Amino acid sequence: MFDQNTLDRFLVSIGGLSDWPTKGRDFLDNEIREAERILPNLSNDEIVKHYRRLSFLAHLVQWGCLPLSDTKTQAYRQCRDFYVKAEKLAFGERFVRMQIEWQGKALWGNLHFPASAQPNGKIPLIVLVHGMDDVKEEHLASELLFEQAGFAVFCIDGPGQGETFLLDGVTWPEDFEAAIIESVNALRAYPQLDVDHYAVVGISWGGMWAYKIAAKDPRAAAILDLGGPVDSREFDKLPFFLKSKFCQILDVASIELAHSTAKIFNIRDDAVLRNVKANVHIVHGDRDPIVSTADKMWLRDALRQMSGNDQVKLTVYRDGDHCCTQHVKEVRGIASAEFLDVYRKRTRSHGVQAGPAMDALPSME
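Position 306 of the sequence shown, counted from 1, bears residue number 305 in numbering that gives the first Met the number 0, the numbering being contiguous throughout.
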């Protein structure tokens with residue numbers, strides 16, 4: 000989604016972390032001016048490509064682990080707005096920027112629909128739950144790969160994430176999973192979406208919360224866990240930039256409070272693991288500097304033992320980094336096939352009836 004030439008020029012332009020926001024801002028402004036100059040002469044597909052490129056570039060300027068600032072907030076708004084422009088042009092009514100009301104707060108998600116439904120007339124759903132220093136807009140590559148495989152894809156900034164945190168100041172609650180489950184409930188506004196048999200893609204810290212979601216919501220049929228930690232026992236060993244982000248999103252102002260709050264980030268919990276009945280595929284990079292292979296092996300074995308779930312497997316990429324970013328297309332392709340298999344088996348056993356035709360969907364304006 001982002002050409003190497005632009006990335007190389009961006010990295011050269013910033014010089015170092017201390018100048019990242021200001022020099023990154025200047026680079027982005029120049030790229031926007033150049034795009035505005037040439038866009039009138041481009042095709043629709045070329046315009047989409049440029050808007051997606053500018054969205055990701057703006058995301059780089061507001062990189063999640065940088066300190067909060069007006070520059071960061073402005074860059075995020077541009078990241079969001081270019082993303083929305085691109086997806087509306089690319090997908091028309093098959094893209095929705097969706098607002099979810101939760102505990103008096105507004106959560107925002109991006110919803111992509113595939114071109115057609117399954118033979119049963121329903122559209123299988125993937126809910127993408129990302130990490131603590133991410134924004135929903137940076138996961139477009141995953142969204143497009145899953146959409147092309149026939150899924151509706153809903154990627155949300157939950158409380159403490161992305162837009163919800165940066166623009167509205169909503170921090171990460173202990174019951175984060177409840178916000179995601181409520182968001183799935185809200186998707187019933189689109190009756191052709193099958194919210195009763197959805198899959199969860201948990202990326203980084205989102206991988207941890209995927210299990211909490213599945214433990215509380217039996218509709219979660221499958222999990223792809225990409226780089227999810229099992230706890231925060233070694234908070235003190237986290238890189239500084241992750242410590243600072245951790246404290247930002249949890250509204251923590253002291254090391255003592257950080258240690259007590261870290262208990263929230265934990266799935267070494269019998270009550271959680273024994274209630275996970277979803278099919279689980281843990282994908283892990285052996286070179287992950289944040290999450291150990293030993294922890295993921297423990298999780299696989301604990302899930303099998305505590306929940307009696309034999310549909311749990313672990314794949315380790317020996318060259319893989321955190322979240323196996325070198326294997327994006329391969330991992331999403333495997334997950335799509337597995338999710339579709341689980342979906343078809345579950346819907347056959349539940350006797351799912353055909354839904355309305357594609358043109359009977361409610362307005363997606």
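Even glycine gets a Cβ: it sits at the ideal position worked out from N, Cα and C.
Note that the structure is predicted; figures quoted are calculated from it, not measured.
- With 16 or more neighbouring CB atoms inside 10 Å of its own CB, PRO123 falls in the buried class.
- DSSP links GLN98 through a beta bridge to TRP107.
- Less than 8 Å separates the beta-carbon of LEU192 from that of ALA151.
- It is roughly 31 Å from the alpha-carbon of ASP318 to the alpha-carbon of HIS111.
- One alpha carbon belongs to ASP18, the other to ASP167, and they sit about 26 Å apart.
- In this chain, the alpha helix (DSSP H) harbouring ASP7 covers 3-13.
- Secondary structure at THR170: coil, using DSSP grouped into helix, strand and coil.
- Out of SER291, GLU86, ALA57, the CA that lies nearest to the CA of SER231 is found in SER291.
- Counting only the Cα atoms, GLY307 lies some 17 Å from ASP216.
- Annotation note: the segment 291-336 contains the following uninterrupted alpha helix (DSSP H) runs of length 4 or greater, listed N- to C-terminal: 292-306.
- Counting along the chain, VAL183 sits inside the alpha helix (DSSP H) bounded by residues 175-185.
- Scanning its chain for C-beta atoms nearer than 7 Å, with the 5 sequence neighbours on each side dropped, one finds around VAL275 the residues TYR210, ALA213, ALA214, LEU302, SER306, ASN308, in chain order.
- With fewer than 16 other CB atoms across the displayed protein chains lying within 10 angstroms of its CB, ARG36 is exposed.
- Under the three-state reduction of DSSP output, ILE281 falls in the strand class.
- In this structure, the beta-carbon distance from LEU165 to TYR75 falls below 8 Å.
- Between ILE31 and the set LYS242, SER54, VAL194, LEU16, the nearest pair of CA atoms involves SER54.
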